[in-house]
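Novice: Questions regarding the structure given below will be posed in turn.
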Amino acid sequence: MIRLDNTSEQSIINMLKEHNALSGQQVKQIENLSKESGKSQIETAFELNITNETKVAQLLSDSFSIPLIKLDEVKINDELKKYTEIRFLKENYIIPFEIDTKSIKVAIADASKFSLIKNIESLTKLQPELYAASIQQISDFIARLEHGAPSKLKNQKIEQVKKKQVNVPLEVESDVIAFVDKILNKAIKLETSDIHIEPFKDSAHVRFRIDGVLRVMEEFTEFLNKDPLNYNSVVTRVKILSKLDIAERRIPQDGGSTFKYGDKEMDLRISIMPTKNNERIVMRLLNKEAGDKSLDKLGFADQDLKVLEEAIHSPQGMVLVTGPTGSGKTTTLYSILKTINKPSMNILTAEDPVEYELEGVGQVQVRDDIGYTFETALRSFLRQDPEVILVGEIRDKATVDIALKAALTGHLVFSTLHTNDAPSTITRLQNMGTPDYLISAACTLVMAQRLARKTCLECRAPDERVNPKVLTSIGFTAEEASRVRPVYGKGCKSCASGEAGVGNGYKGRMGIYEILKVSKNIKDAILRKATTLELKQVAKQDNFRTMQDMGRELIHSGDLSFSEYQRVLSLE
Numbered sequence: 002m003i004r005l006d007n008t009s010e011q012s013i014i015n016m017l018k019e020h021n022a023l024s025g026q027q028v029k030q031i032e033n034l035s036k037e038s039g040k041s042q043i044e045t046a047f048e049l050n051i052t053n054e055t056k057v058a059q060l061l062s063d064s065f066s067i068p069l070i071k072l073d074e075v076k077i078n079d080e081l082k083k084y085t086e087i088r089f090l091k092e093n094y095i096i097p098f099e100i101d102t103k104s105i106k107v108a109i110a111d112a113s114k115f116s117l118i119k120n121i122e123s124l125t126k127l128q129p130e131l132y133a134a135s136i137q138q139i140s141d142f143i144a145r146l147e148h149g150a151p152s153k154l155k156n157q158k159i160e161q162v163k164k165k166q167v168n169v170p171l172e173v174e175s176d177v178i179a180f181v182d183k184i185l186n187k188a189i190k191l192e193t194s195d196i197h198i199e200p201f202k203d204s205a206h207v208r209f210r211i212d213g214v215l216r217v218m219e220e221f222t223e224f225l226n227k228d229p230l231n232y233n234s235v236v237t238r239v240k241i242l243s244k245l246d247i248a249e250r251r252i253p254q255d256g257g258s259t260f261k262y263g264d265k266e267m268d269l270r271i272s273i274m275p276t277k278n279n280e281r282i283v284m285r286l287l288n289k290e291a292g293d294k295s296l297d298k299l300g301f302a303d304q305d306l307k308v309l310e311e312a313i314h315s316p317q318g319m320v321l322v323t324g325p326t327g328s329g330k331t332t333t334l335y336s337i338l339k340t341i342n343k344p345s346m347n348i349l350t351a352e353d354p355v356e357y358e359l360e361g362v363g364q365v366q367v368r369d370d371i372g373y374t375f376e377t378a379l380r381s382f383l384r385q386d387p388e389v390i391l392v393g394e395i396r397d398k399a400t401v402d403i404a405l406k407a408a409l410t411g412h413l414v415f416s417t418l419h420t421n422d423a424p425s426t427i428t429r430l431q432n433m434g435t436p437d438y439l440i441s442a443a444c445t446l447v448m449a450q451r452l453a454r455k456t457c458l459e460c461r462a463p464d465e466r467v468n469p470k471v472l473t474s475i476g477f478t479a480e481e482a483s484r485v486r487p488v489y490g491k492g493c494k495s496c497a498s499g500e501a502g503v504g505n506g507y508k509g510r511m512g513i514y515e516i517l518k519v520s521k522n523i524k525d526a527i528l529r530k531a532t533t534l535e536l537k538q539v540a541k542q543d544n545f546r547t548m549q550d551m552g553r554e555l556i557h558s559g560d561l562s563f564s565e566y567q568r569v570l571s572l573e
């Protein structure tokens, strides 16, 4: 039986698909029969006569412009045996077959082995020349080597590679592993939400999104730029962490990983995207404990919290949470579910992806690639006898129509939308073609939110740059502006988040909210197709408080700086 690792198999299958030598239907047929027979996918493909070893080797040769070699015609000499380690060759299906004073000829069966060429160069101090060969010929050549005298050269680094379940370049075994671990440890220490590893024409750098703002981390720049191979090795290491195809560099890949940091369990969501210069990496860090926050810890005013609790304890209706990516919508929704969750309740969620695991809640991962969309999940939920349904995101009219109808038939439905504020959410639903009567009857509450950086308590100082005239430009009355004393963070060790030096004047984040209760007046306005501005005016008659109102209160209290207000709320 042909025993290739998963990476090699996937590399060959990708190559066959790319050159139209394998159809999607044939791929499915191979996968199914491979599972039934217990044989490898490549061996299954050969047995079905869909392709054969000669075609694969020829295609590899043509695709990468490397010569084709027939290893059965190559003689093995004692000099060659000094450069081989049988177990390493067996695992990697890579064959050095001819050596002279300056070069070493190497045969490979698939493109995933390109990552090992640099290792052969560093081990042998010879220039590798690549050749394509069939899998069987490489297997036979290994057998011929093994049948002869035992290997004279055993390199410890090769042994380390052998111990891994996947093919790992030697560079990844030492400095690169330490480098990636250092990035992750630093990111967790600084409470980073996203890590960006980005290549450019002549350089590369690492950025952390801390408190919602991206910052270049200079300490990681030198390693990435010291050697062009370092960046490729970092990409390989991240792919291995997230169980992605290390040979695939043409299309975006998404993966994930879970690891422990102290007593915390962290999830990594990893996205790798090819760019003109190299592959770009974005890793989202998810602390599984972050979904444990209770509603009263999210910063709601007493009156707003009362309105929200009334809506989430209703037997039916729809509650929508809106805001841009990274505004804390998921945290809010998980806090709501945690608040209402009890053994007598059947709660189902459709998410993309499932970010935090909730005990006692049925959580489903939607898969657009196989047609399992939010709409499909929602339809299946209605046959699962739920009291509460959470739809991760409303993306189309079909999903919103099913969700609203579910909210009218005895279900409490939660979901999210990407809108600027609460009143414009109603307008967005209307623009999606949803009937006004359905919105009016089913929607019970809309909440919009943002996350803003909190001014550091230790280094707050009066902000002399902000005068009463500037304050009136963001909605303060002249009388209020004369009384408000804005502050800013000067920067101190306390807000440096464990870094050397001085911080940026911010420490932690807080939510800024507006909660629109769909009252009788709002329902009437929806039915008469009121504009967003008209909806806002009607809501204010019902004591609706906007995010800007809350932001001005936070400027007054000193928790929010004027510059942060402008960054988060001025465009609304």
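So in this note's numbering the end of the sequence shown lands on 573, straight run, no missing numbers. We put the beta carbon where it would ideally sit given N, CA and C, even for glycine.
Please classify Ser9: is it buried, with 16 or more other beta-carbons within 10 angstroms of its beta-carbon, or exposed?
Specialist: One-based indexing of the sequence shown puts residue 9 at position 8. It counts as buried.
Novice: Would you mind giving the Cβ-Cβ distance between Arg251 and Glu199, rounded to the nearest angstrom? I have them listed as a contact below 8 Å.
Specialist: For the purposes of this step, residue 251 is identified with residue 250 of the sequence shown, where counting begins at 1. For the purposes of this step, residue 199 is identified with residue 198 of the sequence shown, where counting begins at 1. Arg251 to Glu199, Cβ: 19 Å. No contact.
Novice: Hey, could you find the ends of the alpha helix (DSSP H) Met346 is sitting in?
Specialist: Along the sequence shown, read from residue 1 onward, the residue named residue 346 stands at position 345. Careful: Met346 lies outside any alpha helix (DSSP H) and carries neither H nor E.
Novice: Using DSSP bridges, identify the partner residues of Cys444.
Specialist: In the sequence shown, the residue the question calls residue 444 occupies position 443. Per DSSP, Met319.
Novice: Can you tell me where the beta strand (DSSP E) with Glu515 in it begins and where it stops?
Specialist: Translated into the one-based positions of the sequence shown, residue 515 becomes position 514. Per DSSP, Glu515 belongs to the beta strand (DSSP E) from 507-518.
Novice: Thinking C-alpha only, which one of Thr417, Gln304, Ser258 is nearest Pro325?
Specialist: Locating residue 325 in the sequence shown gives position 324, where the first residue counts as 1. Ranking Thr417, Gln304, Ser258 by Cα distance to Pro325 puts Thr417 first.
Novice: Just curious, the beta strand (DSSP E) that Ile109 is in, first and last residue?
Specialist: As a first step, residue 109 is located in the sequence shown; it is residue number 108 there, counting from the start. Note, Ile109: beta strand (DSSP E), 104-109.
Novice: Out of Leu146, Val181, Glu192, state which residue places its alpha-carbon closest to the alpha-carbon of His206.
Specialist: Taking the sequence shown and counting its residues from 1, one reaches residue 206 at position 205. Of Leu146, Val181, Glu192, the residue nearest in Cα terms is Val181.
Novice: How many angstroms separate the CA atom of Val485 from the CA atom of Gly318?
Specialist: The residue you call residue 485 lines up with position 484 of the sequence shown. The residue you call residue 318 lines up with position 317 of the sequence shown. Cα to Cα, Val485 sits roughly 41 Å from Gly318.
Novice: Is the number of C-beta pairs between the stretch 397-416 and the stretch 436-443 that are closer than 8 Å three or more?
Specialist: yes
Novice: For Thr45, which residues from the same chain have a beta carbon less than 8 Å from its beta carbon, with the 5 sequence-adjacent residues on both sides left out?
Specialist: Locating residue 45 in the sequence shown gives position 44, where the first residue counts as 1. Answer for Thr45: Ile31, Leu34, Ser35, Ser38, listed in chain order.
Novice: Given a threshold of 16 other Cβ atoms within 10 Å of its Cβ, counted over all protein chains shown, does Lys455 qualify as buried or as exposed?
Specialist: One-based indexing of the sequence shown puts residue 455 at position 454. Buried, by the Cβ-count rule.
Novice: Along the alpha helix (DSSP H) that carries Val235, what are the first and last residues, could you check?
Specialist: The sequence position of residue 235 within the sequence shown is 234, counting from 1. Counting along the chain, the alpha helix (DSSP H) containing Val235 begins and ends at 229-242.
Novice: May I ask you to list the residues that DSSP assigns as paired with Tyr132?
Specialist: The count along the sequence shown starts at 1 and reaches residue 132 at position 131. Paired residue(s): Ala108.
Novice: The alpha helix (DSSP H) spanning Pro354 covers which residue range?
Specialist: Position 353 of the sequence shown, counting from 1, holds the residue named residue 354. It is not in any alpha helix (DSSP H) - Pro354 carries neither H nor E in the DSSP assignment.
Novice: Got a sec? Which residues, its chain only, sit under 6 Å from Leu215 by beta carbon, not counting five neighbours each side?
Specialist: Mapped onto the sequence shown, residue 215 falls at position 214. Closer than 6 Å at Cβ, skipping near neighbours: Arg208.
Novice: Are the beta-carbon atoms of Ile70 and Phe98 separated by less than 9 Å?
Specialist: Within the sequence shown, numbered from 1, the residue matching residue 70 stands at position 69. Within the sequence shown, numbered from 1, the residue matching residue 98 stands at position 97. Yes; because the gap between Cβ atoms is below 9 Å, this pair is in contact.
Novice: Rounded to whole angstroms, what is the Cα-Cα separation between Lys294 and Ser336?
Specialist: Working through the sequence shown from its first residue, we reach residue 294 at position 293. Working through the sequence shown from its first residue, we reach residue 336 at position 335. Cα to Cα, Lys294 sits roughly 6 Å from Ser336.
Novice: Are the Cβ atoms of Leu405 and Ala449 separated by less than 9 Å?
Specialist: Here residue 405 refers to the residue found at position 404 of the sequence shown. Here residue 449 refers to the residue found at position 448 of the sequence shown. Taking 9 Å as the Cβ cut-off, Leu405 and Ala449 do not qualify as a contacting pair.
Novice: Would you check if the distance between the CB atom of Ser135 and the CB atom of Glu74 is smaller than 9 Å?
Specialist: For the purposes of this step, residue 135 is identified with residue 134 of the sequence shown, where counting begins at 1. For the purposes of this step, residue 74 is identified with residue 73 of the sequence shown, where counting begins at 1. Contact flag unset, no.
Novice: Got a sec? Which residues, its chain only, sit under 6 Å from Gln27 by beta carbon, not counting five neighbours each side?
Specialist: Working through the sequence shown from its first residue, we reach residue 27 at position 26. Excluding residues within five positions, the ones whose Cβ falls inside 6 Å are Ile51.
Novice: With Thr434 and Lys398 assumed to form a contact (beta carbons below 8 Å), what rounded beta-carbon distance in angstroms separates them?
Specialist: Here residue 434 is taken as the residue at index 433 of the sequence shown, counted from 1. Here residue 398 is taken as the residue at index 397 of the sequence shown, counted from 1. Checking the sequence shown, residue 434 turns out to be Gly, not Thr. About 5 Å separates the CB atoms of Gly434 and Lys398; that is less than 8 Å, so the two are in contact.
Novice: What does the Cβ neighbour count give for Val217, buried or exposed, with the cut at 16 atoms within 10 Å?
Specialist: Locating residue 217 in the sequence shown gives position 216, where the first residue counts as 1. With fewer than 16 Cβ atoms within 10 Å of its Cβ, Val217 is classed as exposed.
Novice: With Pro68 as the anchor, note down where its alpha helix (DSSP H) starts and where it stops.
Specialist: For the purposes of this step, residue 68 is identified with residue 67 of the sequence shown, where counting begins at 1. Run containing Pro68: none; DSSP gives neither H nor E here.
Novice: Where does the unbroken beta strand (DSSP E) through Glu10 begin, and where does it stop?
Specialist: Taking the sequence shown and counting its residues from 1, one reaches residue 10 at position 9. Segment 7-19 is the alpha helix (DSSP H) holding Glu10; no beta strand (DSSP E) there.
Novice: In whole angstroms, give me the CA-to-CA distance for Glu19 and Ala248.
Specialist: Here residue 19 refers to the residue found at position 18 when the sequence shown is read from its first residue. Here residue 248 refers to the residue found at position 247 when the sequence shown is read from its first residue. So the alpha carbons of these two residues sit roughly 14 Å apart.
Novice: Express the C-alpha separation of Ile427 and Leu413 in angstroms, rounding to a whole number.
Specialist: Counting from 1 along the sequence shown, the entry for residue 413 is found at position 412. Counting from 1 along the sequence shown, the entry for residue 427 is found at position 426. Those two C-alpha atoms are separated by around 18 Å.
Novice: Is it true that the CB of Asp370 sits closer than 9 Å to the CB of Gln11?
Specialist: Walking along the sequence shown from the start, residue 11 turns up at place 10. Walking along the sequence shown from the start, residue 370 turns up at place 369. One thing to note: Gln11 has its Cβ no nearer than 9 Å to the Cβ of Asp370.
Novice: Considering Gly363, what are the terminal residues of the beta strand (DSSP E) in which it resides?
Specialist: Against the sequence shown, residue 363 aligns to sequence position 362. Looking at the DSSP string, the run of the beta strand (DSSP E) that includes Gly363 is 363-366.
Novice: When the Cα atoms are used, what is the spatial distance from Lys265 to Asn288?
Specialist: The residue given as residue 265 occupies position 264 in the sequence shown. The residue given as residue 288 occupies position 287 in the sequence shown. C-alpha separation (whole angstroms): 7 Å.
Novice: Measure the C-alpha to C-alpha separation of Ile100 and Leu124 and round it to an integer number of angstroms.
Specialist: Along the sequence shown, one-based indexing puts residue 100 at 99. Along the sequence shown, one-based indexing puts residue 124 at 123. Cα-Cα distance, rounded: 14 Å.
Novice: Using the three-state DSSP reduction, which class does Pro387 fall into: helix, strand or coil?
Specialist: By one-based count along the sequence shown, residue 387 stands at place 386. Reduced to three states, the DSSP call for Pro387 is coil.
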